[in-house]
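Visitor:
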Amino acid sequence: MNRTQRRGVLVLAGAAASLALVAAVARFFPLAVIASIAAAASVMLATALEYRRAQTPESIPLALPEPTAFRMPVALEPPAVVHALLENATAAGDAVAAHLWLEDPASATLRLVASDGARAPAPTPVPIAGSLLGRTLSGGSALLEPVSHVRGIDEDSVVWRYTIPLEAGEAHGVAAVDIAGSDSPDASILTSLAPALRGALAGALALHVARIETDAARTLLETARDLSRLLDPGEVIRNALERAMELGSATTGSIMLLGQDARTMTIAAAKGLPSQVVNETVVAEGEGLAGWVLASRQALVVVDLPGTANRSRRRGVKSAVSVPIA
6 MNRTQRRGVL
16 VLAGAAASLA
26 LVAAVARFFP
36 LAVIASIAAA
46 ASVMLATALE
56 YRRAQTPESI
66 PLALPEPTAF
76 RMPVALEPPA
86 VVHALLENAT
96 AAGDAVAAHL
106 WLEDPASATL
116 RLVASDGARA
126 PAPTPVPIAG
136 SLLGRTLSGG
146 SALLEPVSHV
156 RGIDEDSVVW
166 RYTIPLEAGE
176 AHGVAAVDIA
186 GSDSPDASIL
196 TSLAPALRGA
206 LAGALALHVA
216 RIETDAARTL
226 LETARDLSRL
236 LDPGEVIRNA
246 LERAMELGSA
256 TTGSIMLLGQ
266 DARTMTIAAA
276 KGLPSQVVNE
286 TVVAEGEGLA
296 GWVLASRQAL
306 VVVDLPGTAN
316 RSRRRGVKSA
326 VSVPIA
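Residue numbers for the sequence shown follow my numbering, beginning at 6 and rising by one.
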């Protein structure tokens with residue numbers, strides 16, 4: 006087998022790429038997982054201490070009512086925690102949705118982790134810039150704002166969104182609950198709900214991140230083990246592509262390698278692409294996304310491809326990841 010390194014580009018794309026490949030390259034070590042869990046535990050401990058101090062007789066004026074008793078989630082699984090958030094928010098009004106979001110710095114968006122309720126949001130990435138969720142993340146403070154108006158037969162109603170910033174180690178995110186009604190929701194209940202559930206929400210976020218990193222680490226280790234046993238170059242390429250697509254939750258993928266002229270690349274392995282594309286594609290250094298990655302030696306993440314003038318748009322691709330090889 007020729008041991009000379011071959012330069013090229015790995016391209017992954019899909020209708021909603023998870024970008025787990027990029028996260029795995031940067032943060033797949035167990036230390037990151039431990040740090041996330043420890044940070045979540047720290048948040049939960051601080052919340053519990055704050056809550057205990059707030060309940061001491063000396064700190065509660067006699068004129069105030071008894072604090073609202075909130076139901077804690079039965080587990081730190083994101084769906085269970087989001088469900089508890091939705092149930093508790095009904096004390097403030099007609100809660101129609103609760104959702105948990107994780108920041109994706111690479112694309113400057115927030116990604117949906119879990120949701121619950123009759124009007125749960127679509128799993129579409131939300132831009133950090135210009136959105137209520139993004140302002141909550143950037144400002145670090147809970148916000149309550151109207152987000153939509155619903156016309157009814159007898160009267161119109163407004164959907165209010167209450168957002169809570171979250172931090173779990175290096176991971177950041179936002180929890181939100183949507184409440185519908187003709188009047189604004191009870192803000193006092195919502196402001197009490199935030200500290201009561203912030204620890205559980207941060208823990209759920211940390212658990213989600215830990216699973217992503219653990220799955221990425223496992224896939225990378227299995228890939229290294231499998232590739233070390235292969236001697237056929239073609240089999241190495243195909244196996245690497247399959248593992249990368251699994252890691253990135255991609256619907257299409259290809260590996261392009263430089264030809265003998267060392268200036269153009271052709272597709273050496275592909276999955277999910279038309280045979281004509283595989284056979285006829287030739288990319289020069291600096292041409293298109295793959296050509297740019299080859300020339301710059303830098304990975305590239307592109308989201309919302311339909312908003313760009315790119316030939317990938319014709320194949321229904323919405324997100325893409327390209328990384329250099331060798």
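Ideal Cβ placement from N, Cα and C applies to all residues, glycine included.
Are there three or more Cβ pairs, one per stretch, closer than 8 Å when the segment 162–182 is compared with the segment 87–106?
Guide: Yes: the two stretches touch, three or more of their Cβ pairs being nearer than 8 Å.
Visitor: In the DSSP assignment, what are the bridge partners of H213?
Guide: In the sequence shown, the residue the question calls residue 213 occupies position 208. In the DSSP output, where bridge partners are listed per residue, H213 has none listed.
Visitor: Quick one: is P279 buried, meaning 16 or more other Cβ sit within 10 Å of its Cβ, or exposed?
Guide: Against the sequence shown, residue 279 aligns to sequence position 274. Result: exposed.
Visitor: One question on the structure: do A89 and R76 come within less than 8 Å of each other, judged by their Cβ atoms?
Guide: Position 84 of the sequence shown, counting from 1, holds the residue named residue 89. Position 71 of the sequence shown, counting from 1, holds the residue named residue 76. Yes, the Cβ-Cβ distance between A89 and R76 is below 8 Å.
Visitor: Are the CB atoms of T257 and I3 within a distance shorter than 8 Å?
Guide: Since the first residue of the chain shown is 6 and the last is 331, residue 3 is not available in this structure.
Visitor: The alpha helix (DSSP H) with T141 in it runs from where to where?
Guide: What you label residue 141 is simply residue 136 of the sequence shown in a count that begins at 1. Note, T141: alpha helix (DSSP H), 137–144.
Visitor: Would the beta-carbon of P190 fall within 8 Å of that of G98?
Guide: If you number the sequence shown from 1, residue 190 lands on position 185. If you number the sequence shown from 1, residue 98 lands on position 93. Taking 8 Å as the Cβ cut-off, P190 and G98 qualify as a contacting pair.
Visitor: If you run the structure through DSSP and keep just helix, strand and coil, what is R230?
Guide: Taking the sequence shown and counting its residues from 1, the one referred to as residue 230 is at position 225. R230: helix per DSSP, three-state reduction.
Visitor: Could you tell me which whole alpha helix (DSSP H) segments of length 4 or greater appear in the segment 108–196?
Guide: Counting only runs of 4 or more, we get 137–144.
Visitor: Within the same chain, show all residues whose beta-carbon is closer than 7 Å to that of Q162, passing over the 5 residues directly before and after it, in chain order.
Guide: Start at 1 with the first residue of the sequence shown, and residue 162 comes out as number 157. Note that residue 162 is Ser in the sequence shown here, rather than Gln. Closer than 7 Å at the Cβ level, and outside the excluded window around S162, lie V155, A185, G186, S187.
Visitor: What number of angstroms, rounded off, separates the C-alpha of L81 from the C-alpha of I217?
Guide: If you number the sequence shown from 1, residue 81 lands on position 76. If you number the sequence shown from 1, residue 217 lands on position 212. Rounded to whole angstroms, L81 to I217 spans 15 Å at the Cα level.
Visitor: Rounded to whole angstroms, what's the CA-CA distance from T219 to P110? Just pull it up for me.
Guide: Position 214 of the sequence shown, counted from the first residue, corresponds to residue 219. Position 105 of the sequence shown, counted from the first residue, corresponds to residue 110. For T219 and P110, the distance between alpha carbons rounds to 19 Å.
Visitor: May I ask you to report which of helix, strand or coil DSSP gives D99?
Guide: For the purposes of this step, residue 99 is identified with residue 94 of the sequence shown, where counting begins at 1. Reduced to three states, the DSSP call for D99 is strand.
Visitor: Whole angstroms is fine: what's the gap from L232's alpha carbon to V241's?
Guide: Taking the first residue of the sequence shown as 1, we reach residue 232 at position 227. Taking the first residue of the sequence shown as 1, we reach residue 241 at position 236. In a straight line, the C-alpha of L232 is about 6 Å away from that of V241.
Visitor: Are there 16 or more other CB atoms within 10 angstroms of the CB of V298, so buried, or fewer, so exposed?
Guide: Counted from its first residue, the sequence shown places residue 298 at position 293. Flag for V298 reads buried.
Visitor: Cα-Cα, which of L138, A275, V131, E251 is closest to V182?
Guide: One-based indexing of the sequence shown puts residue 182 at position 177. Answer by Cα proximity: L138.
Visitor: Can you tell me which of E251, A205, A289 puts its alpha carbon nearest to the alpha carbon of D266?
Guide: Residue mapping note: residue 266 aligns to position 261 of the sequence shown, counting from 1. Of E251, A205, A289, the residue nearest in Cα terms is A289.
Visitor: Alpha helix (DSSP H) containing A325: first to last residue?
Guide: Along the sequence shown, one-based indexing puts residue 325 at 320. Careful: A325 lies outside any alpha helix (DSSP H), inside the beta strand (DSSP E) at 324–330.
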